[in-house]
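Below is one structure, written out as structure tokens, with a few remarks after it.
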Amino acid sequence: MLMHLPIPPKRQEHLEETPAPSARPDARRPHAGRCIAACGVLALLMSCDWVERANPVESAAPVVIAATGAPGLPVSEEGTTRWDSPWWGASDEQLESAVEAVGGRVSIGFKDPGAEAGVDTRGRLLASSSSVEDGLAMLVGRGARITYEYRIVPAVSAVIDPPEVRYLRAHPLVDYVEPVPTDYTLYSDGSWVVADSMWAAEAIQAPLAWDSATGTGVTIGVVDSGIDLDHSDLSPLSVYDCTGGSGQDTLGHGTEVTGMIAAAANGTGMTGAAYGAGIRVYRAYENKILDFDLIACGVDEARMDGVDIINISLGRSDANSLTADAISTAYDQGILIVAAAGNGHEYVAFPASMGNVVAVTAVDKSLQHLPDSPTGHQMELAAPGVAADTTAAGTDSILTTCLTTYNDPYCAAPGSSGGGGGGGGDVDCVIDPEDSEKENCGYRGSSSIAAALVSSVAALMKSHDPTLNPYGIRTRLRASAYPLGGSTPNDTYGYGLVQALDAIEIDLPPVPQITISGPTSIQPEATCLWTAQITDGMSPYSDPTWYVHSTTQVGTGYSYTGGEPGGNTGPDFKLIFEVTDQIGRTGSEEITIDLDEGAPPCLV
């Protein structure tokens, strides 16, 4: 029986959206030999192997792709950015020591001389191709070994002599030098129990939405631990291995996540929530120790492959400039990014904490937040991730795919009574957090699965309406979510439980419309009053802010008392009011104020 939840009232008007980017290529380009950083934390000093790599770069410098989507797609809330990387504030001595500790493995960004950065926080490319080419030549000339050349951001991964840090940091072409961070992945691995339920898909209305869309025409990139290449429910697939291997999943996590999205609707086992979507898998780690430049590699390859959505069901505690730039640029170029908020820590993990990433938390079958799940203002949506009663090996659990070689006495085909689930046969398993703590990884729950479900719903939406861009998808996801935890958004559930059918069908009101009342001609020394009235949008509204000349904030609230701004040299000035509605859309109005000695006095 389907789980029917109360749905928000339907909106009466439709929001005009920026058209999506043009059609993207589906086929991989020919392979060419490239050295990929494939060394884990246990073998940091080992040299990288030469492996076959897609998308060859013919010139000496990386090819930086220009934006093809709508430039400056709105970022919903302020979140983690490149400037939150801890290495911006590190001394040369601290950075050199950290680089030495990881065997000289670094990420290096390029910029134009005199510029603040090579990529801004919205993902817009600032560095010129000549600066990238000159910077790369400089690195090679100083003995750096380039292990990966990024195409969507002006950056490389490299191995350097640690004392080079001081020279490179001071170089006018270098944006940043950061050690490649290695950390335990903050994914939720769960344990296996027997189940025969698809309550998770039903709770998000996926089966109800399948009459409208199944994900066809949409491609999802899964950046994870790879995929079981022999699993019949997960083929055909396209796989790229950033670690230099075959793409084979040895952990099971990537197979679980991919199965939640796109396991085949073949009448056996479970069915992916967006089973009609195309899947491209990017293997970014081979054990629970994650080199975070490989996440940037996965995003880079996904962008080159023209995916529509990227799912990242993993994270870490600290920000990283390279990964932040890669994700921001992908979003700016029209790709929706969805990431797991994590478990076992009080704050939202990176990269889910970024403002241009959809942060997803997990709920149980009672739609309750897990006690060890994070909270924070970056939280955007919730989706099923775990069982309501973790001691019950039954219908409260979540069905997904697992490795065909998975050998666990509690992993069995749906409906069976247990027994050996490994040994070569395709197996559907369930995720349950009971006893999920593994060696060297204390994170429980399954926001990984919750993120995969949100990516699935996004795919259903874009399959139904291909013109939707990331902003349009996020707007509808928020407006149609089933509210949880009182007023929304909140730090625990964000806007609430994702709802597939409602997100497809919802009609949104226009963005907030603003009327500014007050004088449009004032005396140069006058102090006057202006007020703003708002219509449309979705109330309640937030962040009412006044600006002059577009960038200088002069007040907050729905009225402003002031006059000619200091330093103004022209015959007039611009007064702007902005406000954000409940689902993150910004309305703005601008008026021109003439300065006239003969203007009527202001009565303030």
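Reading the sequence shown from the start, the letters are residues 1 to 604 in this note's numbering.
Positions of the beta carbon are idealized from the N, C-alpha and C atoms, including for glycine.
These figures come from a predicted structure and were not determined experimentally.
Within the same chain, show all residues whose beta-carbon is closer than 6 angstroms to that of residue i, passing over the 5 residues directly before and after it, in chain order.
| i | result |
| --- | --- |
| Gly494 | Met379, Glu380 and Leu381 |
| Pro172 | Pro113 |
| Gln533 | Thr515 |
| Leu168 | Val174 and Val177 |
| Thr121 | Thr81 |
| Asp318 | Pro86 |
| Gly141 | none |
| Pro489 | Tyr495 |
For residue i, I'd like the list of residues in its chain whose CB is within less than 8 angstroms of its CB, leaving aside the five on either flank, ordered along the chain.
| i | result |
| --- | --- |
| Thr180 | According to the sequence as given, residue 180 is Val; it is not Thr. Once the five neighbours on either side are set aside, the close Cβ partners of Val180 are Ala37, Val102, Arg105, Val106, Ser107, Ser157, Asp291, Phe292 and Asp293. |
| Glu525 | Gly563 and Glu564 |
| Pro374 | Ala341, Gly342, Asn343, His345, Glu346, Tyr347, Val348, Ala349 and Thr361 |
| Ile152 | Val64, Ile65, Val299, Asp300, Arg303, Met304, Ala326, Thr329, Ala330 and Gln333 |
| Gln553 | Thr545, Trp546 and Tyr547 |
When DSSP builds the beta bridges, which residues end up paired with residue i?
| i | result |
| --- | --- |
| Cys528 | Gly562 |
| Arg280 | Gly221 and Ser238 |
| Ala359 | Ala339 and Met379 |
| Asp605 | This structure cannot speak to residue 605, because the chain is shown only from 1 to 604. |
| Ile473 | Partner(s): none; Ile473 has no beta bridge. |
| Ala158 | Val106 and Ile146 |
| Gln533 | Thr515 |
| His369 | Val363 |
| Ile522 | Leu595 |
| Val548 | Thr552 and Leu575 |
| Tyr167 | None, per the DSSP bridge assignment. |
| Val177 | Ile108 |
| Gln248 | Ile227 |
| Tyr347 | Paired residues: none, contrary to the question. |
Would you call residue i buried or exposed, if buried means 16 or more other Cβ atoms sit within 10 Å of its Cβ?
| i | result |
| --- | --- |
| Thr520 | exposed |
| Trp50 | Bear in mind that the predicted position of Trp50 carries a pLDDT of just 23, short of 50, making it too unreliable to give a figure here. |
| Glu164 | buried |
| Gln333 | buried |
| Glu597 | exposed |
| Leu603 | exposed |
| Ile513 | Correcting the residue identity first, residue 513 is Gln in this sequence and not Ile. Exposed. |
| Asn320 | buried |
| Ser235 | exposed |
| Gly557 | exposed |
| Gly247 | buried |
| Thr147 | buried |
| Pro509 | buried |
| Arg478 | buried |
| Ala205 | The residue you asked about is not Ala; residue 205 is Gln in the sequence shown. Buried is the call here. |
| Ser188 | Reliability fails at Ser188, whose pLDDT of 42 lies under 50, so the model's placement of it is uncertain and no value is given. |
| Pro601 | exposed |
| Pro371 | exposed |
For residue i and residue j, which I take to be in contact (beta-carbon distance under 8 angstroms), what is that distance rounded to the nearest angstrom?
| i | j | result |
| --- | --- | --- |
| Val360 | Ala330 | Their Cβ separation, rounded to whole angstroms, is 17 angstroms, which puts Val360 and Ala330 out of contact at 8 angstroms. |
| Asp241 | Ala263 | The Cβ separation is near 21 angstroms, so there is no contact. |
| Pro571 | His549 | At roughly 14 angstroms, the Cβ-Cβ gap does not stay under 8 angstroms, so Pro571 and His549 are not in contact. |
| Ile220 | Asp305 | Wrong, their Cβ atoms sit about 11 angstroms apart, outside the cutoff. |
| Gly384 | Leu453 | Contrary to the premise, residue 384 reads as Pro rather than Gly in this sequence. Rounded, the Cβ-Cβ distance is 6 angstroms, consistent with contact. |
| Leu237 | Val281 | 6 angstroms |
| Gly276 | Gly215 | 4 angstroms |
| Ala296 | Thr323 | 5 angstroms |
| Ile310 | Ile279 | So it is not a contact: roughly 12 angstroms between Cβ atoms. |
| Gly79 | Ser353 | 5 angstroms |
| Thr545 | Glu578 | 5 angstroms |
| Ser517 | Ile261 | Not confirmed; about 50 angstroms, so no contact. |
| Gly217 | Pro466 | 6 angstroms |
| Thr592 | Thr561 | Not quite, the Cβ-Cβ distance comes to about 19 angstroms (not below 8 angstroms), so this is no contact. |
| Arg166 | Glu96 | 7 angstroms |
| Leu125 | Pro154 | 7 angstroms |
| Ala273 | Ala201 | 5 angstroms |
| Ser559 | Thr531 | 5 angstroms |
Return the chain-ordered list of same chain residues with a C-beta closer than 7 angstroms to the C-beta of residue i, the five sequence neighbours on each side being excluded.
| i | result |
| --- | --- |
| Asp249 | Ser225, Gly226, Ile227, Asp228, Thr255 and Leu403 |
| Gln582 | Met538, Ser539 and Pro540 |
| Ile504 | Ala209, Ser212, Ala213, Leu460, Met461 and His464 |
| Asp594 | Thr520, Ser521, Pro571 and Asp572 |
| Ala481 | Leu381, Tyr495, Gly496, Leu497, Val498 and Gln499 |
| Ser128 | Asp112 |
| Thr580 | Tyr541, Ser542, Asp543 and Thr586 |
| Gly486 | none |
| Ala451 | Asn311, Ser313, Val338, Ala339, Ala340 and Val360 |
| Ala23 | Bear in mind that a pLDDT of 30 at Ala23, under 50, signals an unreliable position, so the number given afterwards is only what the model happens to contain. Counting only Cβ-Cβ distances below 7 angstroms, and skipping sequence neighbours, we find nothing. |
| Lys574 | Val548, His549, Ser550, Glu590 and Thr592 |
| said: Tell me whether the region 356-371 and the region 471-489 touch, counting them as touching only if at least three CB pairs, one residue from each stretch, are closer than 8 angstroms. | reply: yes
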